[in-house]
Ligand SMILES: Cc1cc2nc3c(=O)[nH]c(=O)nc-3n(C[C@H](O)[C@H](O)[C@H](O)COP(=O)(O)O)c2cc1C
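In the working numbering, the protein residues as written are 19 to 244.
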């Protein structure tokens with residue numbers, strides 16, 4: 019299989035990791051290569067803070083303190099979803115959550131079980147590396163699309179090296195704590211976290227394989243000889 023195709027088809031959000039550390043030179047290389055992601059006007063509107071070991075633990079500890087005081091977080095720095103998702107999108111979102119919790123045997127009514135899994139987000143799912151991807155507050159939707167370019171490039175590069183990732187928008191729920199703790203310059207805000215490490219392939223949560231809409235649903239081909 020072609021290398022990029024392989025990486026695209028076999029990257030899956032990974033929510034349980036081996037404790038094995040990630041080599042610093044390798045991590046640095048991944049982020050270094052991801053710099054070549056395209057962006058409108060070559061603005062490159064991304065800032066990355068990668069944490070491991072003690073530095074990672076300190077962030078997680080401070081976020082845990084915040085969540086003890088305010089279990090629902092600090093309010094979102096930006097809306098992860100639009101306020102009124104239409105039925106089609108709402109159904110996809112619900113299915114994704116349903117399938118995720120099913121891997122753990124957590125039922126729809128089990129709010130505590132769902133809460134426990136959701137809370138693991140704020141430990142980067144115990145990945146050895148936690149990354150915060152930030153953006154300048156002045157940037158608009160065009161640059162947020164560019165951020166997605168960077169994010170996917172980094173995740174595919176990780177996959178190519180046998181590493182696994184999970185993008186985590188939920189970090190915006192504790193954005194004030196993260197921004198303060200990391201001493202981000204005033205003009206920057208948290209876009210998302212990325213858990214990164216070697217996948218725990220034995221963990222049931224990593225068996226999740228999400229559905230996709232069919233090619234016919236998302237694409238039209240016009241003017242081809244078909
Ligand atoms: C920008 C972004 C933010 C996400 N935020 C979270 C998150 O906060 N927690 C989580 O468990 N998964 C999160 N995900 C993972 C999605 O649920 C996942 O990508 C989607 O269900 C498709 O599954 P796949 O990544 O395994 O193909 C996020 C993905 C993206 C791209």
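Glycine is no exception: its CB is placed at the ideal position from the N, C-alpha and C atoms.
Proximity of residue i and residue j at Cβ, strictly below 8 Å
i	j	result
residue 80	residue 193	no
residue 113	residue 229	yes
residue 209	residue 184	no
residue 147	residue 67	no
residue 136	residue 64	no
residue 237	residue 98	no
residue 124	residue 111	no
residue 34	residue 149	no
residue 58	residue 160	yes
residue 91	residue 191	yes
residue 61	residue 164	yes
residue 78	residue 141	yes
residue 234	residue 36	no
residue 260	residue 207	Not covered by the structure: residue 260. The range shown for the chain is 19 to 244.
residue 30	residue 227	yes
Residues that DSSP places opposite residue i in a beta bridge
i	result
residue 217	35
residue 223	Paired residues: none, contrary to the question.
residue 207	153
residue 196	Looking at the DSSP assignment, residue 196 forms no beta bridge with any residue, so it has no partner.
residue 183	31, 214
residue 68	149
The alpha helix (DSSP H) enclosing residue i, as first and last residue numbers
i	result
residue 78	71-87
residue 160	159-178
residue 42	42-52
residue 28	21-28
residue 236	233-236
First and last residue of the uninterrupted beta strand (DSSP E) at residue i
i	result
residue 188	Premise fails: residue 188 is in no beta strand (DSSP E) and is neither H nor E.
Can you check the segment 107-160 for any alpha helix (DSSP H) of at least 4 residues that lies completely inside it and give the ranges in chain order?
129-138
May I ask you to verify whether the segment 67-77 touches the segment 176-190, counting CB pairs closer than 8 Å and requiring at least 3?
no
Looking at C-beta atoms only, is the number of pairs between the segment 167-175 and the segment 46-57 that lie closer than 8 Å three or more?
yes
Counting pairs of beta carbons, one from the segment 196-216 and one from the segment 117-129, are three or more of them closer than 8 Å?
no
Three or more C-beta pairs closer than 8 Å, one from the segment 86-93 and one from the segment 147-160: is that the case here?
no
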